[in-house]
Amino acid sequence: MIIAAVSDVHSPIYYEDFVKALDEINVKPDLFLIAGDMVERRMPEEYSKISNALFGKITCPIIAVFGNTEFEEYKDQIKSLAKNIIFLDDQSYYLNIRGISVGIFGSTGALDEPTKWQKAHIPNIERLYQARYERAFKSLEMMKTQIKILLTHYAPTYETLKGENPRVYPNLGSRYWENIFIKLKITLAIHGHAHNGSPKAWVNTTPIFNVAFPVNKKIVIIDTEKDLLPGLKKFV
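Numbering (this note's numbering), first residue to last: 43 to 278.
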């Protein structure tokens, strides 16, 4: 199965480069995943451009989560502008792709240390983040699919934050979410947000992909038959 994934286009900033990157995809993906921050703050109308760029070029299911620039008050507008995209907001979604059962849990994710803005503007933000983790864990634990995917905006590990300033790791993701990979051993995780992080890391047997456009400068392509082999097998 071929998965294409991207995040942090921050349209209009990287929009033209995003369109070029779509044209450069040389395989036909079975699933296209978006890990948030596709538009800039307070510019939800830019999502119509993202949707139009994908329309016709990407014929497989497109699943997305919201990033921190896609504010709560704009979510309904974004959904109405991008009807070809399925948005997950602390929800699970199930597909059958060429005979393979696939389960995806999608969420904005959580930070170990909420930003000053979040503390000032989002009541009980720490409790919200804890609730998101608990829902993600329970949902993935219940999945009986052959492939289990965690799709978040914030990093669910610090391992893919290498390249960022270590002092801000807690403001970019959550190390606590690594419990999901240690206890549940899901198939893979995809996130964005870390513009200067690393493209890929492993926690236990789970590969985690940072698909932020500023890091990769392309649409990330994941072949589940080649790129998910754990341990020494991935070096053979």
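Cβ coordinates follow ideal geometry from the N, Cα and C atoms, glycine included.
Just tell me which of Val-210, Ser-134, Asp-72 and Thr-111 has its CA closest to the CA of Ile-44.
-> Of Val-210, Ser-134, Asp-72 and Thr-111, the residue nearest in Cα terms is Asp-72.
According to the neighbour-count rule (16 or more other Cβ atoms, all chains shown, within 10 Å of its Cβ), is Arg-84 buried or exposed?
-> Exposed, because fewer than 16 other Cβ atoms sit within 10 Å of the Cβ of Arg-84.
For Ala-178, does the three-state DSSP call read helix, strand or coil?
-> Per DSSP, reduced to three states, the secondary structure at Ala-178 is helical.
Among all the DSSP beta bridges, which residues are the ones paired with Glu-206?
-> Answer by DSSP bridge pairing, in chain order: Lys-204.
Would you kindly report the start and end of the unbroken alpha helix (DSSP H) that includes Tyr-57?
-> Start and end: 57 to 65.
Range of the contiguous alpha helix (DSSP H) that encloses Asn-213 = Neither: Asn-213 is in no alpha helix (DSSP H) and is coded neither H nor E.
Could you pull the start and end residues of the alpha helix (DSSP H) that Phe-163 belongs to?
-> Checking the sequence shown, residue 163 turns out to be His, not Phe. Note, His-163: alpha helix (DSSP H), 158 to 163.
Among Val-51, Thr-157 and Lys-62, which residue has its Cα nearest to the Cα of Phe-108?
-> For Phe-108, the closest of Val-51, Thr-157 and Lys-62 by C-alpha to C-alpha distance is Val-51.
Quick one: give me the first and last residue of the beta strand (DSSP E) that Asn-138 is part of.
-> Here the beta strand (DSSP E) through Asn-138 covers 133 to 139.
Burial state of Ser-122 (16 or more Cβ within 10 Å) | Here Ser-122 is exposed, its C-beta having fewer than 16 other C-beta atoms within 10 Å.
In chain order, what residues of the same chain have a beta carbon less than 7 Å from the beta carbon of Leu-192, not counting five sequence neighbours either side?
-> Correct list, in chain order: Phe-147, Ala-178, Leu-182, Pro-198, Ile-222, Ile-228 and Ala-231.
Do Ser-216 and Asp-132 have their C-beta atoms closer together than 8 Å?
-> Here Ser-216 is not near Asp-132, since their CB atoms are 8 Å or more apart.
Quick one: residues in its chain with C-beta nearer than 7 Å to the C-beta of Tyr-200, no 5 flanking neighbours on either side, listed in chain order?
-> Closer than 7 Å at the Cβ level, and outside the excluded window around Tyr-200, lie Tyr-211, Gly-215 and Arg-217.
Are the beta-carbon atoms belonging to Tyr-116 and Pro-86 less than 8 Å from one another?
-> Result yes, Cβ atoms of Tyr-116 and Pro-86 sit closer than 8 Å.
Is Ile-120 closer than 8 Å to Glu-114 when the C-beta atoms are compared?
-> Going by C-beta atoms, Glu-114 is not nearer than 8 Å to Ile-120.
Endpoints, alpha helix (DSSP H) assigned at Ala-231 = Element bounds for Ala-231: not the alpha helix (DSSP H) but the beta strand (DSSP E), 230 to 233.
Nearest-angstrom Cα separation, counted from Thr-194 out to Phe-129 = Each residue's alpha carbon lies about 12 Å from the other.
Between the Cα of Ile-127 and those of Ala-162, Ile-76 and Ile-164, spot the shortest distance and give me the residue it belongs to.
-> Ranking Ala-162, Ile-76 and Ile-164 by Cα distance to Ile-127 puts Ile-76 first.
What number of angstroms, rounded off, separates the C-alpha of His-163 from the C-alpha of Thr-157?
-> Whole-angstrom Cα-Cα distance: 10 Å.
Provide the residue span of the alpha helix (DSSP H) that contains Ser-143, from first to last.
-> Per DSSP, Ser-143 belongs to no alpha helix (DSSP H); it is in the beta strand (DSSP E), 142 to 149.
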